[in-house]
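Asker: Sharing a structure below in structure tokens format, with a few things to ask.
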Amino acid sequence: MIRDYFRVLKVDLATGRGQVETLEGRDLFVGGSGLAALLFQKYGKLAAPWDDPEQPLIFAIGPLTGYFPLMSKTVMGFKSPYHNQYAESHAGGRSALALRFADYDALVITGQASRPSVLAVGSRHLKVHEAAYLWGMDVVTVGKFLRRKTPGAGHRSIIRIGPAGENRAAIAGINVDTYRHFGRLGGGAALGAKNLKAIVIQGDGSFPLPAGPEYAKLFADVHKQLTQTRMMQKYHNLGTPANVALLNDKQALPIRNLQQTSAPEIAGITGERFAEDALLRNVACAGCPVGCIHLGYVRLRFHADHRYYFRQVGYDHEPIFAVGAMLGVTNCADVLQLIDMTEKMGLDVMSAGVALAWATEAAANGHISEQETVVPLTFGGTKTYEEALRHLALGSTDFYRLLAQGTATAAAHYGGQDYACVLGQEMAGYATGEVFFVSQALGFRHSHLDSGGYAFDQKHEDRTVETALAFLLQEERSRVLLTSLVVCLFAREVYQDSLVAACLHSLGYGTLADRMDTAAQQIQQQRWHLRLATGFDPQQIRIPKRFLEVRTWKGPIDPAFLETLRQRYAEAIIDLAGVAPAV
Amino acid sequence: MKILTAPRMERCIGCQSCSLACAREVHKRLSWDTAGIRIHTSGGLSTGFEARTCLACLPAPCAAACPTGAFAQRKGGGVIVRKKLCIFCGACAEACPVDAVFLDERGEPFVCLHCGKCVPFCPHNCLEMITVAAAGDQEEVAP
Chain U
1 MIRDYFRVLK VDLATGRGQV ETLEGRDLFV GGSGLAALLF QKYGKLAAPW DDPEQPLIFA
61 IGPLTGYFPL MSKTVMGFKS PYHNQYAESH AGGRSALALR FADYDALVIT GQASRPSVLA
121 VGSRHLKVHE AAYLWGMDVV TVGKFLRRKT PGAGHRSIIR IGPAGENRAA IAGINVDTYR
181 HFGRLGGGAA LGAKNLKAIV IQGDGSFPLP AGPEYAKLFA DVHKQLTQTR MMQKYHNLGT
241 PANVALLNDK QALPIRNLQQ TSAPEIAGIT GERFAEDALL RNVACAGCPV GCIHLGYVRL
301 RFHADHRYYF RQVGYDHEPI FAVGAMLGVT NCADVLQLID MTEKMGLDVM SAGVALAWAT
361 EAAANGHISE QETVVPLTFG GTKTYEEALR HLALGSTDFY RLLAQGTATA AAHYGGQDYA
421 CVLGQEMAGY ATGEVFFVSQ ALGFRHSHLD SGGYAFDQKH EDRTVETALA FLLQEERSRV
481 LLTSLVVCLF AREVYQDSLV AACLHSLGYG TLADRMDTAA QQIQQQRWHL RLATGFDPQQ
541 IRIPKRFLEV RTWKGPIDPA FLETLRQRYA EAIIDLAGVA PAV
Chain B
1 MKILTAPRME RCIGCQSCSL ACAREVHKRL SWDTAGIRIH TSGGLSTGFE ARTCLACLPA
61 PCAAACPTGA FAQRKGGGVI VRKKLCIFCG ACAEACPVDA VFLDERGEPF VCLHCGKCVP
121 FCPHNCLEMI TVAAAGDQEE VAP
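Chain order of the listed sequences is U and B. Residue numbering for the first sequence follows this note's numbering, starting at 1 and increasing by one per position. Residue numbering for the second sequence follows this note's numbering, starting at 1 and increasing by one per position.
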């Protein structure tokens with residue numbers, strides 16, 4: 001519903017009860033990223049560890065969620081098991097519209113359930129169900145059970161974890177509606193620590209719209225831009241996997257633990273190859289007519305007498321990079337099989353792939369042996385990687401338990417830190433150069449989407465610290481506004497400031513529309529403030545040697561440029577935070 | 001007389017643009033439910049989508065069941081709805097064989113009016129308005 005305040009449902013898992021709270025601050029914190037920061041400031045325990053039962057899990061949407069196309073993302077704010085600091089992770093699916101129609105701007109979950117549980121909320125219900133029978137189930141199976149147990153097929157969001165989250169792996173993700181994820185920074189473990197196997201949000205509310213024809217007309221205009229122009233074509237055609245071939249051609253695709261940035265066999269896993277050989281169909285997040293989710297199919301023979309089963313598996317550039325290129329797996333079917341295993345186990349596919357890539361090189365270098373890895377890890381070994389992913393999620397051995405806490409943690413113990421491809425967390429699929437490496441290493445979410453450093457690398461031949469720094473700071477600021485509304489960042493070219501302002505005005509958020517820049521600046525500062533107050537010191541972040549050895553289409557990495565930019569960006573972040581890093 | 005059909009639902013991506021458009025443009029609501037066309041899964045996203053919408057029955061069992069005349073037979077199939085006459089009894093929803101009538105929490109019914117406003121919002125052309133003769137014979141028109 002349109003309102004100039006926030007309506008928040010706060011649920012205590014320990015008691016199974018909740019309360020609806022109203023908070024002021026719409027014009028200051030907007031929603032999404034800003035609202036999550038506001039709520040973490042209010043409910044978070046800055047000095048307590050991530051698994052303190054009182055730490056809140058926050059799911060926040062924005063003022064435009066559901067009201068305009070592609071306003072389809074939810075921001076999760078939490079203290080991350082990965083680095084024990086404040087973090088955000090973003091997901092789509094039906095989560096955002098389900099929250100909208102449940103009539104909450106945010107859901108805040110505190111406390112720990114005494115037994116494994118499922119939280120079910122809607123506009124007229126709240127219930128914490130005991131569900132010990134679901135504990136241990138993989139993500140696919142638990143989804144089937146919950147569909148049977150809860151009403152509202154197609155009008156609900158089923159958010160759940162797999163074994164990795166239950167086992168508190170810091171690289172455990174949260175599955176949202178089968179094909180989307182709060183993937184990064186260990187959200188799955190944050191749910192697992194609360195004994196929370198799943199959240200089912202039913203979007204069963206209905207709200208009045210502004211009087212007059214203006215809103216519906218503006219909606220139709222935006223919808224037309226998104227569907228009848230070429231602006232979103234790349235997302236629904238090949239989708240993000242189009243990047244695989246482009247980056248490979250540019251010598252900017254991380255391959256075999258970033259030992260290479262280009263290889264001819266990548267031809268087997270390009271977006272084009274997936275589209276021709278494996279693409280089954282597309283699906284969309286609720287409220288998005290683009291339909292960027294590409295589903296491939298895996299057909300597996302399980303009996304000599306031509307008996308098969310098949311699975312539909314979502315694919316994108318990042319999973320293909322992580323369990324394809326990085327692991328030297330260069331066949332579509334094999335990549336889908338590995339993605340499928342990470343899905344079932346509830347692992348963050350990006351971190352899991354990069355972690356196993358490091359382990360493969362570490363095994364070759366003698367830092368670890370088969371005693372640790374249980375199965376022989378070699379690049380291209382799909383079958384053994386499938387087993388290794390299971391070990392990683394289940395924490396079968398000391399080695400896998402440590403690796404599930406992050407590649408840097410394992411490398412600090414076993415050696416091989418120089419070639420641990422970690423930029424704050426396991427790297428994203430871009431080896432485009434210095435600006436990307438710095439932007440992910442220091443970025444708020446340690447995501448390529450924080451500030452788009454990969455785009456700067458590709459658009460600028462020069463290496464000027466001032467220009468790059470200004471780009472990163474400005475880009476982060478403009479994106480933090482978008483993730484507060486909350487718009488899918490794929491639509492960032494459509495939702496320019498003037499359109500965002502028009503959308504806000506059409507719903508009666510005129511004050512906010514007139515102070516968007518200030519709000520974005522404040523949210524940017526507030527997020528960094530929380531991050532530093534929970535322990536982040538950007539000056540301590542180092543970029544492993546492997547990144548300095550990369551050679552792209554521009555030639556070798558310029559270490560001096562990278563180091564200066566790293567220092568300057570770290571200083572700028574501390575300035576933004578307005579607080580010294582906690583010691 | 002035209003009716004809404006959903007002949008190409010195998011193309012549906014589940015974006016819900018149609019039902020959101022109906023709620024917005026016809027019923028002046030923001031909702032997944034208070035709409036004449038609603039998109040559901042039938043066993044998760046991997047099984048595809050189905051459209052719950054009026055099949056334009058002739059005669060329409062919902063109209064026959066309505067005790068106040070709020071639902072009246074529409075020529076060519078479907079119903080004409082006069083909300084002022086509705087007493088929120090829910091008989092229409094109960095009578096509908098395909099669950100095309102949604103009742104909100106007060107019992108107010110929402111059903112497809114065959115106006116076609118949802119059609120241009122479908123990015124994959126799943127929906128189509130077709131012309132039907134009064135006797136029920138169908139004649140296709142270009143989309």
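Built from N, CA and C at the ideal position, the CB exists for glycine as well. Values in this document were obtained by computation on a predicted structure and should not be read as measured data.
Compare the C-alpha of residue 99(U) against each of 8(U), 419(U), 348(U), 267(U) and name the closest.
Answerer: The option with the nearest alpha carbon to residue 99(U) is 8(U).
Asker: Check the Cβ-Cβ distances between residue 209(U) and every residue of chain B, and say whether any is below 8 angstroms.
Answerer: It does: the Cβ of residue 209(U) has a partner Cβ on chain B nearer than 8 angstroms.
Asker: So, at 7 angstroms on beta carbons, what are the nonlocal neighbours of residue 604(U) in its own chain, with the 5 sequence-adjacent residues on each side left out?
Answerer: Because chain U spans 1 through 583 in this model, residue 604(U) falls outside it and cannot be assessed.
Asker: Counting only Cβ pairs nearer than 8 angstroms, list the residues of chain U close to residue 28(B).
Answerer: Under the 8 angstroms cutoff, chain U gives 208, 209.
Asker: I need the DSSP call for residue 349(U), collapsed to helix, strand or coil.
Answerer: Residue 349(U): helix per DSSP, three-state reduction.
Asker: Spatial neighbours of residue 501(U) within its chain, please: C-beta separation below 6 angstroms, excluding the five flanking residues on both sides.
Answerer: Around residue 501(U): 513.
Asker: So residue 307(U) contacts chain B; which residues on that side make the cut at Cβ distance below 9 angstroms?
Answerer: Ordered by position in chain B, no residue passes the 9 angstroms Cβ test against residue 307(U), which lies about 20 angstroms from the chain.
Asker: Based on the DSSP output, what are the partners of residue 255(U) in its beta bridges?
Answerer: DSSP, once it has assigned bridges, lists 260(U) as partnering residue 255(U).
Asker: In chain U, what lies closer than 9 angstroms to residue 80(B) by C-beta?
Answerer: In chain order: nothing, as chain U lies at least about 22 angstroms away.
Asker: Grouping DSSP H, G and I as helix and E and B as strand, with all else coil, what is residue 322(U)?
Answerer: Three-state DSSP puts residue 322(U) in a helix.
Asker: Would you mind sorting residue 88(B) into buried or exposed? The rule is 16 or more other CB atoms within 10 Å of its CB.
Answerer: Residue 88(B) is exposed by the Cβ-count criterion.
Asker: Quick one: give me the first and last residue of the alpha helix (DSSP H) that residue 435(U) is part of.
Answerer: Here the alpha helix (DSSP H) through residue 435(U) covers 434-442.
Asker: For residue 217(U), which option in 68(U), 580(U), 532(U) has the closest C-alpha, if you only look at C-alpha atoms?
Answerer: Of the candidates 68(U), 580(U), 532(U), the one whose C-alpha sits nearest the C-alpha of residue 217(U) is 68(U).
Asker: Quick one: Cα of residue 23(B) to Cα of residue 273(U), how far?
Answerer: Each residue's Cα considered, the two are about 40 angstroms apart.
Asker: Work out the CA separation of residue 136(U) and residue 473(U) for me, nearest whole Å.
Answerer: The alpha-carbon atoms of residue 473(U) and residue 136(U) are separated by roughly 43 angstroms.
Asker: I need the straight-line Cα distance from residue 258(U) to residue 421(U), nearest angstrom please.
Answerer: Rounded to whole angstroms, residue 258(U) to residue 421(U) spans 7 angstroms at the Cα level.
Asker: On the three-state DSSP scale, how would you describe residue 143(B)?
Answerer: Bear in mind that the predicted position of residue 143(B) carries a pLDDT of just 40, short of 50, making it too unreliable to give a figure here.
Asker: From which residue to which residue does the alpha helix (DSSP H) around residue 208(U) run?
Answerer: It is not in any alpha helix (DSSP H) - residue 208(U) instead sits in the beta strand (DSSP E) that spans 206-208.
Asker: Roughly how many whole angstroms lie between the Cα atoms of residue 140(B) and residue 55(B)?
Answerer: At residue 140(B) the pLDDT is 42, less than 50, meaning the model places this residue with poor confidence; the figure from the coordinates comes in the next sentence. Rounded to whole angstroms, residue 140(B) to residue 55(B) spans 16 angstroms at the Cα level.
Asker: Following the continuous beta strand (DSSP E) through residue 397(U), name the residue where it begins and the one where it ends.
Answerer: That residue, residue 397(U), is in no beta strand (DSSP E); it is neither H nor E in DSSP.
Asker: Taking one C-beta from the region 207-227 of chain U and one from the region 238-253 of chain U each time, how about it: are there three or more such pairs within less than 8 angstroms?
Answerer: The answer is no - the region 238-253 of chain U does not touch the region 207-227 of chain U, with fewer than three Cβ pairs under 8 angstroms.
Asker: Is it true that the CB of residue 30(U) sits closer than 8 angstroms to the CB of residue 439(U)?
Answerer: In this structure, residue 30(U) does not lie closer than 8 angstroms to residue 439(U) by Cβ.
Asker: Beta carbon of residue 347(U), beta carbon of residue 173(U): below 8 angstroms?
Answerer: Yes.
Asker: Nearest by alpha-carbon distance to residue 147(U): which of 123(U), 191(U), 198(U) is it?
Answerer: It is 198(U) whose Cα lies nearest to the Cα of residue 147(U).
Asker: The region 279-300 of chain U: which residues have C-beta closer than 9 angstroms to a C-beta of chain B, in chain order?
Answerer: Correct list: 281, 282, 283, 284, 285, 286, 287, 288, 289, 290, 291, 293, 295.
Asker: Quick check for students: name the residue ranges of the alpha helix (DSSP H) that lie wholly in the region 539-577 of chain U, counting only runs of 4 or more.
Answerer: Within the region 539-577 of chain U, the complete alpha helix (DSSP H) runs of at least 4 residues are 545-548, 559-577.
Asker: Among 29(B), 32(B), 79(B), 103(B), which has the Cα closest to the Cα of residue 4(B)?
Answerer: That would be 79(B), whose Cα lies nearest to the Cα of residue 4(B).
Asker: Give me, in chain order, the residues of the same chain whose beta-carbon lies closer than 6 angstroms to that of residue 311(U); leave out the 5 immediate sequence neighbours on both sides.
Answerer: Closer than 6 angstroms at Cβ, skipping near neighbours: 298, 340.
Asker: Starting from residue 407(U), follow the alpha helix (DSSP H) in both directions and report where the run begins and ends.
Answerer: Segment 407-414, the alpha helix (DSSP H) holding residue 407(U).
Asker: If you draw a straight line from the C-alpha of residue 576(U) to the C-alpha of residue 518(U), how long is it?
Answerer: Looking at the two C-alpha atoms, the distance is approximately 14 angstroms.
Asker: Residues in the region 154-165 of chain U with C-beta within 9 angstroms of chain B's C-beta atoms, listed in sequence order?
Answerer: Result list: 154, 155, 158.
Asker: What residues of chain B sit near residue 177(U), judged by a beta carbon separation below 8 angstroms?
Answerer: Going along chain B in sequence order, the residues near residue 177(U) (Cβ under 8 angstroms) are 45.
Asker: Which residues in the same chain as residue 77(U) place their Cβ atom closer than 6 angstroms to its Cβ, once the five residues preceding and following it in sequence are excluded?
Answerer: Excluding sequence neighbours, residue 77(U) sits near 36, 40, 58, 88.
Asker: What do you reckon, are the CB atoms on residue 423(U) and residue 543(U) nearer than 8 angstroms?
Answerer: Yes, these two residues count as a Cβ contact at 8 angstroms.
Asker: Starting from residue 147(U), find everything on chain D with Cβ-Cβ shorter than 7 angstroms and list it in chain order.
Answerer: The structure shown contains no chain D; the protein chains it does contain are U and B.
Asker: Give me the chain B residues within the contact set of residue 223(U), using Cβ-Cβ distance strictly less than 8 angstroms, ordered along the chain.
Answerer: By Cβ distance, chain B contributes 17, 121.
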